[in-house]
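A.B. asks:
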Ligand SMILES: [Ca+2]
Ligand SMILES: [Ca+2]
Ligand SMILES: [Ca+2]
Ligand SMILES: [Ca+2]
Ligand SMILES: [Ca+2]
Ligand SMILES: [Ca+2]
Ligand SMILES: [Ca+2]
Ligand SMILES: [Ca+2]
Ligand SMILES: [Ca+2]
Ligand SMILES: [Ca+2]
Ligand SMILES: [Ca+2]
Ligand SMILES: [Ca+2]
Ligand code: NI
Ligand code: NI
Ligand code: NI
Ligand code: NI
Ligand code: NI
Ligand code: NI
Ligand code: NI
Ligand code: NI
Ligand code: NI
Ligand code: NI
Ligand code: NI
Ligand code: NI
Ligand code: NI
Ligand code: NI
Ligand code: NI
Ligand code: NI
Ligand code: NI
Ligand code: NI
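Residue numbers (UniProt numbering), protein chains in the order written: chain A, 1 to 317; chain B, 1 to 317; chain C, 1 to 317; chain D, 1 to 317; chain E, 1 to 317; chain F, 1 to 317.
(1) Which residues in the same chain have their Cβ closer than 7 Å to the Cβ of residue 308/B, if we skip the five residues on either side of it in sequence?
(2) Please give me, in chain order, every unbroken run of the beta strand (DSSP E) with length at least 3 that falls completely inside the region 150-189 of chain D.
(3) Starting from the beta carbon of residue 252/C, find every residue of chain A whose beta carbon is closer than 7 Å, and list them in chain order.
(4) How big is the Cα-Cα spacing for residue 1/D and residue 11/D?
(5) Kindly provide the ranges of any alpha helix (DSSP H) runs that are 4 or more residues long and lie completely inside the region 54-125 of chain C, ordered along the chain.
(6) For the region 163-189 of chain B, which residues have a CB atom closer than 7 Å to at least one CB atom of chain D, in sequence order?
(7) How about residue 68/C: is its C-beta nearer than 8 Å to some C-beta of chain B?
(8) Between the C-alpha atoms of residue 165/E and residue 18/D, what's the straight-line distance to the nearest angstrom?
(9) Can you pull the chain B residues whose beta carbon is under 9 Å from the beta carbon of residue 13/C, in chain order?
(10) Would you call the CB atoms of residue 39/C and residue 123/C closer than 8 Å?
(11) Do residue 29/E and residue 15/E have their CB atoms nearer than 8 Å?
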């Protein structure tokens with residue numbers, strides 16, 4: 001029985017080295033990123049069995065995506081397609097006042113035509129946790145319908161259904177997101193709800209604890225985790241609240257922070273079934289991610305423990 | 001009055017440094033390439049006024065394409081669009097037995113929705129030469145129709161209409177190419193006909209001179225240039241044949257050779273109206289291109305003359 | 001009628017990647033920089049027509065300089081010379097306590113022999129704004145005399161004459177600068193006066209507003225802009241004072257900040273004729289520049305507006 | 001039942017980019033290489049299930065080795081150790097008259113203390129093919145004894161025992177190699193015998209076919225493959241001879257050629273049980289490897305087939 | 001008479017560019033580092049004659065180490081060996097909460113077998129200062145014994161004996177360090193005692209001044225310098241105390257800070273025999289080092305003076 | 001007594017990586033090169049004591065030049081100047097039909113003002129061999145006069161005077177070279193005479209042996225070495241002729257071949273006083289150089305011997 005199964009798109013990420021600009025850089029650093037594959041990769045690195053479900057073109061770039069995830073210990077269970085492309089995204093970042101800019105170039109990727117029959121749904125049924133995020137149904141009608149069906153399958157199989165709202169303004173509007181995501185929440189057992197997304201999509205404007213109660217009540221969700229950027233996170237489970245502040249971290253590589261939180265949280269939850277532990281592993285993984293190039297938190301359990309224990313020395317030699 | 005106007009797509013070209021593989025390279029070298037923009041860039045570098053017509057998204061990558069062409073002296077007259085993407089192509093090359101592999105990722109690019117009204121057709125009317133290639137109509141119905149219309153406008157304006165068959169098997173079948181291209185040839189004054197494409201698309205299987213006569217006769221084309229790879233090129237004009245062998249060159253960077261030939265040929269033809277000169281400039285530019293990274297022949301008139309004169313020293317110091 | 005014409009030297013800038021040292025770096029990053037070409041490039045990027053006047057050797061490095069400026073949309077109107085070199089400058093920067101060190105290697109560059117007859121002075125006559133800086137007359141007697149003549153031509157043509165004091169201690173002494181620059185100020189309509197340079201060269205030691213009044217009065221300058229580093233800037237026009245604070249920005253790439261201020265200011269001034277707008281565009285462009293490698297502010301109008309509006313998100317996706 | 005299991009050491013390979021020298025290069029390219037892991041990686045890439053057995057230190061470099069092999073589809077079944085290091089080797093290559101120079105720095109690596117009990121010997125028992133090479137027993141007494149024991153286990157389990165003589169003069173003398181390797185040959189079913197090694201170690205100086213018969217007869221080996229560098233290869237099985245010439249290939253990246261031959265051969269043999277097919281896949285994989293940076297032949301079945309069919313186009317687009 | 005002689009190991013330092021991870025970086029930056037060679041290099045750069053004594057393998061990597069030190073002006077007096085390797089160390093650093101991680105891979109290096117007879121001990125006898133650190137005796141019994149003997153030779157020759165405790169937890173335990181280092185202190189004239197090491201190894205837990213007195217008294221050391229990281233340093237000599245705060249500096253490149261302090265201190269001490277000057281040169285060199293990649297402080301006397309004078313401009317041009 | 005002293009200019013060499021063009025490359029590789037420093041560096045690497053005399057600016061680039069030569073074992077005896085620059089040269093190379101192009105940017109370098117009094121002429125008097133080349137007197141009147149004086153000093157001291165004609169068409173005309181060099185030859189004991197230069201400058205058009213006799217007779221030179229590119233070299237000494245063919249080598253890095261020949265020749269001559277040995281070491285060093293990036297032949301005596309013995313294996317492991 002596999003511990004964590006995720007479903008979503010992984011893209012090539014192309015980013016200029018050394019704070020260069022997309023318009024002028026002579027080279028791109030190439031990595032692989034995608035919210036749900038980032039989660040699977042981290043869960044695997046932290047000791048969980050992890051499978052990632054998706055659809056990729058049978059070409060060197062598709063093989064690259066799968067190979068990268070295998071390197072991080074994930075088993076990619078992929079529908080290899082003769083149609084469609086590997087989605088790409090261009091990432092540019094720089095010191096303030098420049099922020100981190102993403103140019104999505106993901107239309108027409110192979111996963112946008114995915115059908116439930118393309119995927120090994122038995123892995124979903126036998127998983128301890130099935131996870132996906134609001135990005136996946138935003139990609140196409142096909143991904144939206146397949147997401148709904150996988151959530152339903154997972155829910156009926158006793159698999160814990162984990163979902164991250166993960167709103168992306170470059171993919172859809174607030175209204176489109178709400179219309180698609182709200183029906184899905186019925187099947188969700190564990191919701192990661194970024195405070196900002198909860199406000200903008202679901203229209204819930206409240207303090208974090210109240211927000212969590214509102215979400216749990218309205219949609220009947222067993223565990224709600226509200227994430228609040230620099231203000232930490234809060235979990236609500238059976239009426240009880242668990243709080244977590246952030247660990248001090250760099251601001252230079254914010255992409256993937258949320259996925260690292262989810263990956264660390266799930267890895268610890270599956271192992272310990274303890275929300276305090278899950279929150280601290282999520283927060284520590286998120287902090288570490290902010291020091292690491294790429295989308296994926298290429299970290300170890302020991303490093304997570306050092307952050308939680310406040311035991312990372314300046315120099316270790 | 002502008003000397004050379006071309007129309008087509010320019011893409012980002014992403015290629016692994018140092019013979020790396022697409023599947024594993026940590027970085028891509030980024031350049032800009034496209035058959036018709038390559039031609040315009042070289043014509044400009046060799047002293048001609050050159051305009052490139054196209055449609056690009058109004059984003060950093062679109063600006064990159066335009067900026068790169070300006071650097072080579074081309075004036076990009078672009079329809080800036082809120083829709084569509086910059087097409088990309090991945091290029092991998094290596095020593096034998098690996099060849100040069102192209103993975104096109106150009107579906108959905110902004111130019112695929114181009115309409116004649118998007119473009120500054122007055123530049124076509126006032127040009128000495130208007131050039132495009134068989135790649136452009138292969139991209140979409142819209143590019144096919146726009147190509148036809150621009151060829152017609154040029155033809156009616158007394159602009160010399162130049163066309164390169166430029167068959168790409170990853171874009172369409174032989175039959176599709178023939179069905180689309182044959183009607184266009186009626187407007188063509190100067191045809192670049194790669195021998196292999198002439199055989200496979202137009203079904204003309206003959207020696208080069210016979211092939212040229214066949215093309216000139218069947219389609220009523222004033223000047224036909226048959227290119228034969230390592231076997232050189234041959235021009236036919238008013239029944240007279242002009243021959244050109246290749247200049248010795250490297251095999252390591254073949255992409256863009258054909259475009260360099262066309263660019264060198266057109267640059268010399270506009271200046272001298274002499275087919276022998278045009279052929280030698282085409283051949284010399286093509287030879288030089290094979291030593292230069294990227295799609296564009298970043299060369300100078302002096303370098304072309306040195307190749308023609310056989311005067312390039314081993315070391316110049 | 002062209003909007004902005006600048007005159008000066010552009011150099012190759014050679015800088016070690018990744019905080020390396022000139023003494024040991026195995027590679028140099030190569031860009032193009034020069035105060036007046038930086039101004040022209042930014043003005044062009046922000047939507048103005050811009051011409052840069054200079055003299056360059058007819059070799060690959062001279063072509064590189066011109067090509068780089070074309071890429072940013074500037075039309076380089078260059079006297080191509082068989083004598084002289086492309087000036088270079090070596091730039092090394094690092095975290096504190098290292099600062100940003102410049103080793104100039106610009107003696108004998110082609111522009112040091114420039115004569116008014118080498119340049120297309122009609123562009124100066126027809127420009128809305130003509131801009132140069134105190135660096136240009138510091139280069140040689142010839143550049144000093146040509147600068148004086150161009151300022152005179154511009155002044156007599158009704159072109160707005162813009163000048164940045166731009167003192168460089170590695171080029172000349174305070175006394176030399178004063179002796180050369182003071183006579184030029186008679187032709188200046190718009191003066192950019194860094195507070196430190198105003199003190200050290202012109203001997204005016206006063207608060208900024210008083211300094212501006214002093215400059216305006218003494219030299220009969222219509223508009224004086226005193227720039228004060230981290231303390232912002234102040235413009236004085238027809239007795240009225242306009243103030244501008246700095247936008248928060250990085251300290252890591254200070255070179256080019258002043259030029260970005262001038263470029264942003266001029267671009268906005270030509271468009272709006274409004275000093276408040278010009279100051280805010282100058283300040284925002286300067287802030288953005290500090291996050292961007294190279295001398296030139298490769299930014300867009302939208303980015304400037306986002307900084308002014310305080311609307312740059314941490315992550316835009 | 002797993003198809004291919006290999007046992008050996010994989011090292012970090014550190015090599016100067018762009019023909020630099022170990023003594024002066026500012027950077028090393030880092031890859032992972034080792035004869036038996038190279039074989040496993042290629043077998044996996046060509047479609048076989050593949051496991052690699054070894055011992056590695058539990059540190060970032062050990063994880064790197066395992067991750068790299070997972071990327072190529074191999075399952076590394078590793079004894080993670082608190083003692084020992086990851087072996088490294090420095091590789092320098094250049095045009096003639098420089099050759100390819102290896103500086104081994106592999107003493108004290110974790111695998112040198114490996115015991116049979118450290119390894120999952122059940123995978124050996126259940127494998128179709130177990131493969132190792134003469135490098136492994138050369139590393140230490142422990143690896144020699146463990147190699148002997150694994151060969152014995154494999155032999156008794158009906159697993160096909162594959163062995164490559166793979167003599168390395170920087171690891172041991174001819175005499176040491178002979179004394180250690182000869183006893184192992186009793187358990188070998190499929191021997192890869194480089195002609196030069198067969199002469200120098202085993203003292204068999206004969207034409208290839210005679211050499212193969214001699215090896216098969218003396219050591220009772222069912223299938224002997226004599227490899228002859230540029231002269232191709234020859235297999236002997238049940239008295240019948242199968243010959244294979246080399247496919248034209250580059251000389252620039254010779255390291256890993258032999259491993260690619262073995263990997264291609266085994267991948268095809270397991271699938272087809274046909275020696276002609278195995279030889280052609282071995283030869284084609286070896287030819288392709290010579291165009292690819294790194295130790296591992298990162299190729300696809302389609303590319304192998306194209307080489308065998310002589311169907312690789314110069315440019316595929 | 002040579003001014004400064006040091007003895008110790010210098011290693012290849014391999015570190016991922018751009019905050020990459022050892023587990024995944026495609027390249028390593030290669031430099032040379034070692035506490036005592038870092039000291040010699042800086043002393044030489046600041047104007048002292050400097051010799052470094054060690055043992056290296058006669059291979060490209062050994063030559064690299066010697067060549068690098070020559071570049072910085074050190075004369076490496078090396079025993080070239082056919083046995084042993086060049087030690088390496090892997091350095092990974094990143095923004096918080098990642099720290100700076102060192103993976104030592106130095107076991108079996110050539111210096112671990114060094115005997116006094118391998119070294120040119122006459123240079124020690126004739127030196128003004130002989131310096132080594134607690135790292136050297138930690139490497140092997142042979143280095144411990146050779147260190148003891150060189151200290152004794154130096155002491156008996158009237159050479160000032162300088163020693164840095166320099167505890168490395170990855171090399172030995174506190175107890176082992178104490179047992180080995182305490183007997184050596186009898187020969188030491190000038191002790192650099194990091195506060196943390198003094199506590200953990202020698203068990204002296206006191207305020208800095210008291211700690212210095214304790215060390216001077218217990219071990220009969222003429223001059224004791226207690227270094228306290230961000231809290232500065234303190235020297236005790238003939239009962240008098242000299243204090244030094246730190247100069248503001250970056251946190252990004254901490255490795256080598258201590259060696260830069262020692263190198264700057266010794267360079268100034270030999271020249272001026274003034275402890276205040278020595279402390280300020282040590283502190284300034286340490287601050288500058290923190291902005292410079294690599295182990296060695298590649299700085300100049302002028303830069304040290306600028307830091308001490310607080311005269312480093314933001315931009316020098 | 002030092003074995004080899006050379007005098008000349010060493011420059012920064014800036015070259016685009018990977019066959020890029022000067023006009024467009026984003027980076028330059030930086031090395032140090034100059035004919036006479038190349039010779040000194042190789043002589044040192046092959047075991048001779050070597051000193052290089054020159055004048056450099058006291059800045060990071062001047063220190064870089066000296067440090068690079070120290071790394072190769074040369075002792076740079078430099079006049080550090082507050083005036084003048086480090087000369088640079090831009091090197092671009094590519095596959096045919098592109099050749100190797102040099103853009104000199106060396107005017108105004110510090111050495112162009114060198115006076116004999118700037119240099120440590122005692123090293124010349126005490127040297128076994130003093131070497132310079134025709135490049136040095138081509139740089140300025142001052143270098144011409146200083147060269148003449150050093151040759152005279154060497155000649156009068158019994159130092160063997162070695163001279164390489166080394167004509168550079170970008171520095172002076174044939175006539176200028178002849179007028180300056182002919183008078184110098186009176187002091188020369190050992191002349192390296194490239195066949196082409198001998199023809200073009202000295203007007204001697206003859207077969208190599210006749211050319212050597214002519215040079216020896218006309219100018220009274222004890223030993224004449226005529227070098228003939230791919231046709232090898234020939235030495236004439238006391239009427240006897242010694243011939244040497246070239247060793248097979250790459251064509252890709254021709255710069256520095258001549259200097260490597262001279263350096264290898266001198267290193268062997270000083271050691272063995274045997275012309276056959278000197279010629280073979282010269283030829284082998286030249287062949288090896290053609291595989292090595294940069295101006296300097298970073299090779300070892302063992303590698304030279306391997307080439308001479310034809311013993312370089314394809315792979316050494
Ligand atoms: Ca993400
Ligand atoms: Ca932004
Ligand atoms: Ca291929
Ligand atoms: Ca093309
Ligand atoms: Ca500037
Ligand atoms: Ca400084
Ligand atoms: Ca191998
Ligand atoms: Ca250190
Ligand atoms: Ca750590
Ligand atoms: Ca040279
Ligand atoms: Ca050339
Ligand atoms: Ca060798
Ligand atoms: Ni943005
Ligand atoms: Ni991410
Ligand atoms: Ni990220
Ligand atoms: Ni292909
Ligand atoms: Ni092309
Ligand atoms: Ni190309
Ligand atoms: Ni500075
Ligand atoms: Ni600047
Ligand atoms: Ni800048
Ligand atoms: Ni070798
Ligand atoms: Ni290999
Ligand atoms: Ni290899
Ligand atoms: Ni360090
Ligand atoms: Ni250190
Ligand atoms: Ni360091
Ligand atoms: Ni050279
Ligand atoms: Ni060279
Ligand atoms: Ni060279």
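Cβ atoms here follow ideal geometry from the backbone N, Cα and C, with glycine treated the same way.
Since this is a predicted model, take the numbers as computed values, not measurements.
C.D. replies: Here's the rundown:
(1) In the second chain, the residue the question calls residue 308/B occupies position 308. Taken in chain order, the residues that qualify are 280, 284.
(2) Positions of the beta strand (DSSP E) runs, each at least 3 residues long and wholly inside the region 150-189 of chain D, are given as 160-164 in order along the chain.
(3) Looking up residue 252/C in the third chain gives position 252. Correct list: 95.
(4) Numbered from 1 along the fourth chain, position 1 holds the residue referred to as residue 1/D. Numbered from 1 along the fourth chain, position 11 holds the residue referred to as residue 11/D. Approximately 28 Å between the Cα atoms of the pair.
(5) As far as the region 54-125 of chain C is concerned, its whole alpha helix (DSSP H) runs of at least 4 residues are 60-71, 121-125.
(6) In summary, the residues of the region 163-189 of chain B whose CB is separated from some CB of chain D by less than 7 Å are 168, 170, in the order they occur in the chain.
(7) As a working mapping, residue 68/C is identified with position 68 in the third chain. Answer yes: the Cβ-Cβ gap between residue 68/C and chain B drops below 8 Å somewhere.
(8) What you label residue 165/E is simply residue 165 of the fifth chain in a count that begins at 1. What you label residue 18/D is simply residue 18 of the fourth chain in a count that begins at 1. Cα to Cα, residue 165/E sits roughly 42 Å from residue 18/D.
(9) Start at 1 with the first residue of the third chain, and residue 13/C comes out as number 13. What residue 13/C touches in chain B: nothing, since even the nearest Cβ is about 17 Å away.
(10) If you number the third chain from 1, residue 39/C lands on position 39. If you number the third chain from 1, residue 123/C lands on position 123. Going by C-beta atoms, residue 39/C is not nearer than 8 Å to residue 123/C.
(11) The residue you call residue 29/E lines up with position 29 of the fifth chain. The residue you call residue 15/E lines up with position 15 of the fifth chain. For residue 29/E and residue 15/E, yes; Cβs fall inside 8 Å.
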